[in-house]
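Chains as they are written, first to last, in the numbering used here: chain A, -11 to 225; chain B, -11 to 225. These notes concern the structure reproduced below.
Below you can see the structure in the form of structure tokens.
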């Protein structure tokens, strides 16, 4: 299945500004993207990055900003991204860009054909198994809710299904699916629900991650601290 | 399968003190418990409440404190809890009480026999389907992680598996399972991961709940508010 992965290449993850500088946020966002792309491929999907600007633009920033100067990791990342990955550039807002890309898929092109999935780029806990549950679920519209009322991923088999990421999007998407008479299913996955937006979310990556994003956080000095009953994320200097 | 449900009957859910008074917290905790018990039965399990004091003690408090004076709801709740439910009273700390109850199950009694599951009482989003995935998963130890490094539910088929709920318990439980040579599995469920501890967690119940706890929050005046990009829970007076 074709899987669209929206990616904010410019100034991503602003809610991590208290623990990561702008260059680090760009690097970490890209590392999470690489994890997601790898899992999509392993789940049998064909990823298409829907980026706000060309990725090679960002790659230079990444080389400058990597806090650990881990060159082999960077080469690995660049290699995985350069190997024939389709990148669509659309600098419009997320809702507009996703709806346009989904519509293109249903028109049928050389690059795209329905059904189509959309998976967010900030899901470093997404495993091939969790993504297979999404891609293989029955339903004309299949939603994977995110924590906080969001929609972290979906599959659409109905050309008239549209998204709106403002507000409590999962409610709107349920309503949109019903309004077009599409059969609706939801995937009950903690891994797909765990989008990484703020410091608290980093705890999930540290405790449950096993790949690039997890390794990146460890190399950047992040660790889990327990102080009495409280569990927090701290960063060593 | 026998399913132990630990329940803190006295002063539960203290992290909800900013939005619920003590009587409301007791009532809401009990409503969540009722949702969990009902789902366990529907999933084919036999629940045993492991309470810090007798439930009827608490029931009086509930009658006094219900903010909505919804008598039929209370009767319904009392009825569902009185219908032959096994209640084990153990006022020791959670870790000690759970380990003792699990050990009893492996000794084999009239009430209990292995394998045994433990499911927390503050999981109002747990559905029969999500619990069936837990109960039916292969593995001598099956863990359902909670958000924040916790362990919201598990199944044990190994008499020597023990728990420790302090700190980042999911890590300790993985380690404990490995140290006794047990095969380990994890259930990837957002619903089982969503324990309700603080105000932010109420959002999940409002957006994804469909039963008593959801209804209780609505009747108590809680709703989701979106202000700009932020989604929060508010309570009307």
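Glycine residues also receive a C-beta, built at the ideal position from the N, C-alpha and C atoms. Every value quoted in this text rests on a predicted model; they were computed, and no experiment measured them.
Apart from the 5 residues on each side of it in sequence, residue -3 of chain A sits with its Cβ closer than 6 Å to the Cβ of 39, 40, 41 and 46 in its chain, given in chain order. Residues of the same chain with a CB within less than 7 Å of the CB of residue 180 of chain B, apart from the 5 flanking positions on each side, are 111, 114, 118, 122, 132, 140 and 141 in chain order. By the Cβ rule, the segment 186 to 196 of chain A counts as touching the segment 211 to 222 of chain A, because three or more pairs are nearer than 8 Å.
Within the segment 150 to 180 of chain B, 155, 156, 158, 159, 176, 177, 178 and 179 place their CB atoms closer than 7 Å to a CB of chain A, listed in sequence order. Put simply, the CB of residue 14 of chain B is far from chain A, with every gap to its CB atoms at 8 Å or more. DSSP, read as helix, strand or coil, puts residue 200 of chain B in helix. Under the three-pair Cβ rule at 8 Å, the segment 197 to 211 of chain A counts as touching the segment 16 to 25 of chain A. Residues of the same chain with a CB within less than 7 Å of the CB of residue 7 of chain A, apart from the 5 flanking positions on each side, are 187 and 223 in chain order. In the three-state DSSP reduction, residue 5 of chain A falls in the coil class, being neither helix nor strand.
Nearest CB-CB separation between residue 36 of chain B and chain A: not below the 8 Å threshold. Within chain A, the residues 178 and 196 have their CB atoms less than 7 Å from the CB of residue 133 of chain B, given in chain order. Under the Cβ criterion (8 Å, minimum of three pairs), the segment 161 to 179 of chain B does not count as touching the segment 74 to 85 of chain B. Burial is judged here by how many other beta carbons sit within 10 angstroms of a residue's own beta carbon; residue 93 of chain B has at least 16 and is buried. Classified as exposed, residue 154 of chain A has fewer than 16 neighbouring CB atoms from the shown chains inside 10 Å of its CB.
When rounded, the separation of the alpha-carbon atoms in residue 86 of chain B and residue -6 of chain B is 7 Å. Around residue 102 of chain A, the same chain offers 93 and 94 as residues with beta carbons nearer than 6 Å, after the five sequence neighbours per side are excluded. Across the segment 207 to 218 of chain B, CB contacts with chain A closer than 7 Å involve 212 and 214, in sequence order along the chain. Restricted to the segment 132 to 170 of chain B, the alpha helix (DSSP H) segments that are unbroken, complete and at least 4 residues in length are 157 to 167, listed in chain order. Not flagged as an interface residue toward chain B: residue 123 of chain A, since no C-beta distance is shorter than 8 Å. Residue 176 of chain B sits close to residue 178 of chain A, with the two beta carbons spaced by under 8 Å. Residue 191 of chain B and residue 136 of chain A do touch by the CB rule: their CB atoms are close to 6 Å apart, below 8 Å.
In the three-state DSSP reduction, residue 218 of chain B falls in the strand class (E or B).
If you draw a straight line from the Cα of residue 81 of chain B to the Cα of residue 88 of chain B, it is about 11 Å long. According to the DSSP assignment, residue 94 of chain B belongs to no beta strand (DSSP E) but to the alpha helix (DSSP H) extending over 82 to 95. With its beta carbon at least 8 Å from every one in chain A, residue 32 of chain B lies outside the interface. Under DSSP, the beta-bridge partners assigned to residue -7 of chain A are A/37. Spatial neighbours of residue 27 of chain A in its own chain (CB-CB distance under 7 Å, excluding positions within 5 residues in sequence) are listed in chain order as 114, 115, 116 and 119. For residue 184 of chain A, no beta strand (DSSP E) encloses it, and the DSSP letter there is neither H nor E. With contacts defined by Cβ atoms closer than 8 Å, residue 151 of chain A and residue 97 of chain A do not form a contacting pair. Within chain B, the C-beta atoms nearer than 7 Å to that of residue 136 of chain A come from 191 and 219, in chain order.
Between the C-alpha atoms of residue 73 of chain B and residue 29 of chain B there is a straight-line separation of about 11 Å.
Rounded to whole angstroms, the Cβ separation of residue 168 of chain B and residue 148 of chain B is 5 Å, and the two are in contact under 8 Å.
DSSP places residue 129 of chain B within a strand segment (E or B) once states are collapsed to three.
Of the other Cβ atoms in all chains shown, fewer than 16 fall within 10 Å of the Cβ of residue 99 of chain B; this residue is therefore exposed. Under the Cβ distance rule, residue 27 of chain A does not count among the residues neighbouring chain B, no pair being separated by less than 8 Å.
The beta carbon of residue 126 of chain B sits closer than 7 Å to those of 173, all from its chain and outside the five residues before and after it, given in chain order.
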